[in-house]
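Line order of the protein sequences matches chains A and B.
Taking the numbering used here, the leading residue of the first sequence gets 1279, the next gets one more, and so forth.
Taking the numbering used here, the leading residue of the second sequence gets 472, the next gets one more, and so forth.
Even glycine gets a Cβ: it sits at the ideal position worked out from N, Cα and C.
Because the structure is a prediction, the values reported are computed rather than measured.
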Amino acid sequence: MSELTLPHAEERPTGTRLEARSTPAARKKVSRGLLSSLPVLVVLLLGFLAPLATVAAYAFATPRTFDVFRSFTLINFETIFDPANTVWMSFAWSLGFAAATVVVLAIVAYPIAWGLARVFGRWAGFVSVLFVFPLFVSENVRLYGWTLFFIKNGVLDGTLKLLGGAGPEVLYTPGITLFGMVYVYLPFMLFPMVLGLAMVPKELVEAARDLGASRLMIWREVELPLAMPGIMIGMLLTFVLAVGAVAESKILGGQSVIVATHDIEIAFTYAQNWPLGSALALILTIIVGALSLIALTKLDLDRILGRR
Amino acid sequence: MNQSVRRSNAFIWTWTIFVLVLVYLPIACGALAGLSKSRYFGFPVAAWSTDWWSRAIDSFEVQQIVKTSVAIALIVTVVAVIVAFFGALAFARYDWKGRRLYQKLVLLPIFFPQPVLGLALLLWMNAVGIQPTWQTAIFAHLVWIVPVVTLVIAIQVYGFDPTLEEAAADLGAGRLFVLREITLPILWPGVWSGALFAFLLSWGNFPLSLYTTGADSTVPEWLYAKMVAGYTPMVPAIGTMSTLAAATLLLTGGLILALLRWRAGKVAA
Chain A
1279 MSELTLPHAE ERPTGTRLEA RSTPAARKKV SRGLLSSLPV LVVLLLGFLA
1329 PLATVAAYAF ATPRTFDVFR SFTLINFETI FDPANTVWMS FAWSLGFAAA
1379 TVVVLAIVAY PIAWGLARVF GRWAGFVSVL FVFPLFVSEN VRLYGWTLFF
1429 IKNGVLDGTL KLLGGAGPEV LYTPGITLFG MVYVYLPFML FPMVLGLAMV
1479 PKELVEAARD LGASRLMIWR EVELPLAMPG IMIGMLLTFV LAVGAVAESK
1529 ILGGQSVIVA THDIEIAFTY AQNWPLGSAL ALILTIIVGA LSLIALTKLD
1579 LDRILGRR
Chain B
472 MNQSVRRSNA FIWTWTIFVL VLVYLPIACG ALAGLSKSRY FGFPVAAWST
522 DWWSRAIDSF EVQQIVKTSV AIALIVTVVA VIVAFFGALA FARYDWKGRR
572 LYQKLVLLPI FFPQPVLGLA LLLWMNAVGI QPTWQTAIFA HLVWIVPVVT
622 LVIAIQVYGF DPTLEEAAAD LGAGRLFVLR EITLPILWPG VWSGALFAFL
672 LSWGNFPLSL YTTGADSTVP EWLYAKMVAG YTPMVPAIGT MSTLAAATLL
722 LTGGLILALL RWRAGKVAA
């Protein structure tokens, strides 16, 4: 007892009052952060982690049953990886669509992002709002608008007929599905790119120019590397969202191609084979989760979102 | 040099305007279809009519789904803003041990395909024996909207000078007083844009609602069902109304936001 109290007794006269006050205050700060995060953590635990855990549990249950937690089998995965089945096709399409969406969007969005960060000046806010607004219109409404545009006797076909031609038959093809994905996910590429480009200090670009660097060189050596965190977030976000996209192939693609999420939905609804659907969903989750985690661990969110 | 800069700026403006036209083109097509008289859409529109609009407004079924959608969006907004307000403080304001991990956790639902999340939620509700209704859809929306609103408010929190709070505390202000008189007025613009985002994202959400509303239906869900089977020009008419409602809300919200920014500037100064 006396040994335990001794250091205290010694510290008190030498240690300042401030220190004694700051230790509990610091401890309070730690718990205050945790405390404020609790409601969000509860939502994520109940609404994100628990459902995914259920999916994982179902993935190992006997096919066509609801025996979750009571049976353990790998048969669902065998079914998926069996080359005689064509389930893998939907994954191949989804991954292909997602990769193509990322490439097309990177090219489409970059000039706009650059404009928002550098060129538009006082118009930048207004242009941003114009690009954000479609996010608040449900994607099926917007995609259906494209159906009305491309459909026979629709806006494009009708206009071309007036001019003596005929509209191309693009609806219900894989190509239009890709078009729909590029259309829907544009804001998810654009805004992270703007954040990234906003991180490039103007003085650095000017300094490079003063030193005689060509525009291509400035872009390759200064702008692109410094904007990369934002661009990477944009690419990752578009990729993971497009991998799970389903409305585009249903509404515009007319189910000419079955994508991964559509296959999962079929297993959950018509086929009533929840374990198979869960196994598919688990594979998709692992692909998405692995990509996100790799990218997220490399990013400094405080810097990107602007902590001073 | 100057000329090449001007040329590249012209290209950027042209390209942006071109893409914006494409962004709004399908919305315009929907508006046309909702205002044409014939049951099947044809362009150029032969005869105009506001019939489908008035029929949509008079339909009892449509009134019901609009009520459901508004109820979901309102509750989502209130809950999401409260949860995300504290979530944003933990995200950007306090230095605490688990912050880095927490920041990444918050982003995960945003980096996740919504249809898959909806299906996972359906499976989970079924496993624990919860019957999906419009109330469960509120929870489903929150899973995705709380992280988005947390980020929106966090951006505002990053620009917040914590010494203001400390100064007030040093002058003897209580914690509740500091929250009410200092923290909230300065963070109001962020909270307000967060609320706007929450309402509008919930209002327009389709993939999460599809699997988690059970027998109830929201506006986007109902529209989708009619697109697949039973198209009438009421579908684009309601789609257009829903878009106009969102635009009006965004405009009003934006004006209030401008006002709040101006006031927050006065408090900080």
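Helix, strand or coil at residue i according to DSSP, with G and I counted as helix
i	result
serine 1309 of chain A	helix
serine 507 of chain B	strand
tryptophan 519 of chain B	strand
aspartate 1435 of chain A	helix
aspartate 1580 of chain A	helix
serine 1300 of chain A	With a pLDDT of only 44 at serine 1300 of chain A, under 50, the local geometry of the prediction cannot be trusted, and the value read off the model is given with reservation. Note: serine 1300 of chain A maps to helix in three-state DSSP.
asparagine 676 of chain B	coil
methionine 1495 of chain A	helix
arginine 477 of chain B	helix
leucine 1441 of chain A	coil
valine 1415 of chain A	coil
glutamine 1533 of chain A	coil
glutamate 1501 of chain A	helix
tyrosine 1548 of chain A	coil
valine 1448 of chain A	coil
threonine 487 of chain B	helix
isoleucine 1565 of chain A	helix
phenylalanine 1517 of chain A	helix
aspartate 741 of chain B	Because chain B in this structure spans residues 472 to 740, residue 741 of chain B falls outside the shown range and cannot be described.
phenylalanine 514 of chain B	coil
glycine 1522 of chain A	coil
lysine 737 of chain B	helix
proline 618 of chain B	helix
phenylalanine 482 of chain B	helix
leucine 1489 of chain A	coil
isoleucine 1429 of chain A	coil
glycine 665 of chain B	helix
proline 497 of chain B	helix
glycine 630 of chain B	coil
proline 1479 of chain A	coil
CA nearest to the CA of residue i, picked from the options
i	options	result
isoleucine 483 of chain B	A:Leu1571, A:Ala1370, A:Ala1395	A:Ala1395
alanine 608 of chain B	B:Pro580, B:Thr654, B:Phe677	B:Phe677
serine 713 of chain B	B:Ile624, B:Ala563, B:Phe512, B:Glu692	B:Glu692
phenylalanine 1409 of chain A	B:Gly661, B:Val619, B:Val492, B:Gln474	B:Val492
lysine 1528 of chain A	A:Ile1496, A:Met1467, A:Pro1452	A:Pro1452
phenylalanine 668 of chain B	B:Leu506, B:Leu728, B:Arg570	B:Leu728
threonine 1332 of chain A	A:Leu1440, A:Trp1552, A:Ile1582	A:Trp1552
threonine 689 of chain B	A:Gly1325, A:Asn1418, A:Leu1441, A:Thr1364	A:Asn1418
methionine 1506 of chain A	A:Ser1534, A:Met1477, A:Met1367	A:Met1477
alanine 611 of chain B	B:Val533, B:Ile546, B:Met705	B:Ile546
leucine 560 of chain B	A:Phe1428, A:Ala1525, A:Gly1311	A:Gly1311
phenylalanine 1326 of chain A	B:Leu647, B:Pro618, B:Thr654, B:Thr634	B:Pro618
proline 521 of chain B	B:Phe514, B:Arg510, B:Phe531	The amino acid occupying residue 521 of chain B in the given sequence is threonine; proline does not appear at that position. Comparing Cα-Cα distances from threonine 521 of chain B to each of B:Phe514, B:Arg510, B:Phe531, the minimum goes to B:Arg510.
leucine 1579 of chain A	B:Leu588, B:Leu730, B:Gln574	B:Gln574
cysteine 500 of chain B	A:Val1381, A:Arg1420, A:Thr1516	A:Arg1420
threonine 634 of chain B	B:Ala598, B:Val649, B:Pro497, B:Leu593	B:Val649
leucine 613 of chain B	A:Thr1547, A:Ile1572, A:Leu1323	A:Leu1323
tryptophan 595 of chain B	A:Ala1337, A:Leu1515, A:Arg1581	A:Ala1337
arginine 478 of chain B	A:Val1397, A:Ala1402, A:Ala1387, A:Ala1377	A:Val1397
lysine 1576 of chain A	A:Gln1550, A:Pro1446, A:Gly1508	A:Gly1508
proline 1389 of chain A	A:Leu1571, A:Leu1514, A:Leu1468, A:Val1483	A:Leu1468
glycine 661 of chain B	B:Trp674, B:Glu652, B:Gly630, B:Leu715	B:Gly630
alanine 640 of chain B	B:Gln627, B:Val628, B:Thr654	B:Thr654
leucine 496 of chain B	A:Ala1538, A:Tyr1422, A:Leu1441, A:Arg1342	A:Tyr1422
alanine 1391 of chain A	B:Asn473, B:Tyr702, B:Trp486	B:Trp486
Residue i: contacting residues in chain C (beta-carbon distance under 8 Å)
i	result
valine 541 of chain B	This model lacks chain C altogether, as its protein chains are A and B.
N- and C-terminal bounds of the alpha helix (DSSP H) containing residue i
i	result
tyrosine 1461 of chain A	1452-1476
threonine 654 of chain B	Note, threonine 654 of chain B: premise wrong, no alpha helix (DSSP H); not H, not E.
proline 633 of chain B	633-641
isoleucine 553 of chain B	531-559
valine 1410 of chain A	1402-1410
valine 1396 of chain A	Before going on, a small fix: residue 1396 of chain A reads as arginine here, not valine. Neither: arginine 1396 of chain A is in no alpha helix (DSSP H) and is coded neither H nor E.
leucine 647 of chain B	646-649
Proximity test, residue i beta-carbon vs the ligand ADP heavy atom, cut-off 8 Å
i	result
tyrosine 1388 of chain A	This structure simply doesn't include the ligand ADP, nor any ligand for that matter.
Fully enclosed by the region 574-612 of chain B, which alpha helix (DSSP H) runs are 4 residues long or longer?
585-599
Please list the segments of the beta strand (DSSP E) lying wholly inside the region 1318-1394 of chain A, counting only runs of 3 or more residues, in order along the chain.
As far as the region 1318-1394 of chain A is concerned, it has no whole beta strand (DSSP E) run of at least 3 residues.
I'd like the ranges of any beta strand (DSSP E) spanning at least 3 consecutive residues and lying wholly in the region 679-729 of chain B.
none
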